[in-house]
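Trainee: Take a look at this one; I'll ask things after.
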Amino acid sequence: MTAAQSFYGRWARVYDWVASAPGVASWRDRTADALALAPGDTVVEMGCGTGANVPHLRERVEPSGRIVGIDVTREMLDRARERPARTGETVHYVQADAARPPVRAADAVLATFVAGIFEAPEAAVDAWCDGVTSGGRVALLNFQRSPSALAAPLNLAFEGFVRLSAPGTRLSTRSHAGAFERRVRAARERLTERTVDRRYETFAGGFLGLLSGTVR
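Here's what the structure looks like:
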């Protein structure tokens, strides 16, 4: 078992509660919209956790579409399968490494809050783009420090949050937040290289950044 599996396995129930907190649904709606899904599409979520995005994706692909959730942690997937709103004949959960997903010819790929945990985020983004058909979309949603001057006190809290929410690190809070941001930036840069018709938006006071693009 990897450090990530052990960490997220222990915190699966708490993670599920946070993922379903009030206000988070609007973030997930905006992220699903960025994929420009159509009825009948197949959408794959990398690092799906407890499946909180599934209801939002299902609304857009409708019963004729398919949703595949990939996560390396069994406990996360077990929680997802316990939720009726996150299961069904067209929803499939696969335990696998989201950085090396067994995916081909999907119509869209979604990755929320995971790009910053990979040691090689560029390679992960390449794998996601390679798994999408030409003309399909890939979207990355990530936490970040807000550029707003008014957010300075909360930016300090962001640094602590990054440390608490990431497995297997002994770095200082500040250095780990910096490493997290470098990985997110690297993932965004690679997605920019691999896509056209890109859109970037921020919300939640600038603490969330959403980048999406169409694979060439």
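Number 153 in the UniProt record's numbering belongs to position 153 of the sequence shown; there are no gaps in the numbering. Each residue gets a CB set at the ideal place from its N, CA and C atoms; glycine is no exception. Treat the numbers as computed from the prediction; the structure is a model and nothing was measured.
#1: Do you know offhand how far Gly135's Cα is from Phe143's?
#2: Is it a yes or a no for the region 185 to 192 touching the region 116 to 133, going by three-plus beta-carbon pairs under 8 Å?
#3: Looking only at its chain, what residues have a beta carbon closer than 7 Å to the beta carbon of Arg30, apart from the 5 residues adjacent to it on each side?
#4: Which residue from Glu193, Val43, Ala98 puts its Cα closest to that of Glu119?
#5: Measure the C-alpha to C-alpha separation of His56 and Arg28 and round it to an integer number of angstroms.
#6: With H, G and I counted as helix, E and B as strand and the rest as coil, what does DSSP make of Ala111?
#7: If you count every other CB in all the chains shown that lies within 10 Å of the CB of Thr73, and 16 or more means buried, which is it?
#8: Quick check: what's the CA-CA separation for Ile70 versus Gly205?
#9: Over the uninterrupted beta strand (DSSP E) stretch that includes Asp33, give me the two end residues.
#10: Can you give me the C-alpha to C-alpha distance between Ala38 and Ser64, rounded to a whole angstrom?
#11: Nearest-angstrom Cα distance between Ala106 and Glu89?
#12: Starting from the C-beta of Leu141, find all residues in its chain whose C-beta is less than 6 Å away, skip the five residues before and the five after it, and write them out in chain order.
#13: Buried or exposed: where does Val24 fall if 16 or more other Cβ atoms within 10 Å of its Cβ makes it buried?
#14: Once the 5 residues before and after Gln95 are set aside, which same chain residues still bring their CB inside 7 Å of it?
#15: Output yes or no for whether 8 Å exceeds the beta carbon distance between Ala108 and Asp41.
#16: Please determine, among Gly131, Arg194, Val114, the residue with the shortest C-alpha to C-alpha distance to Glu181.
#17: For Phe203, name the three-state secondary structure that DSSP assigns.
#18: Name the DSSP beta bridge partners of Val138, please?
#19: Which residues mark the beginning and the end of the beta strand (DSSP E) in which Arg66 is found?
#20: Starting from Glu45 and walking both ways along the beta strand (DSSP E), at which residues does that stretch end?
#21: Count the other CB atoms, across all protein chains shown, that sit within 10 Å of the CB of Thr195; report buried if there are 16 or more and exposed otherwise.
Mentor: Walking through what the data contain:
#1: 27 Å
#2: yes
#3: Phe203, Leu210
#4: Ala98
#5: 7 Å
#6: strand
#7: buried
#8: 29 Å
#9: Unbroken run through Asp33 is the alpha helix (DSSP H), 24 to 34; no beta strand (DSSP E).
#10: 10 Å
#11: 18 Å
#12: Thr31, Thr112, Leu210
#13: exposed
#14: Asp71, Val72, Arg74, Leu77
#15: yes
#16: Val114
#17: strand
#18: Val109, Gly213
#19: 66 to 71
#20: 42 to 46
#21: buried
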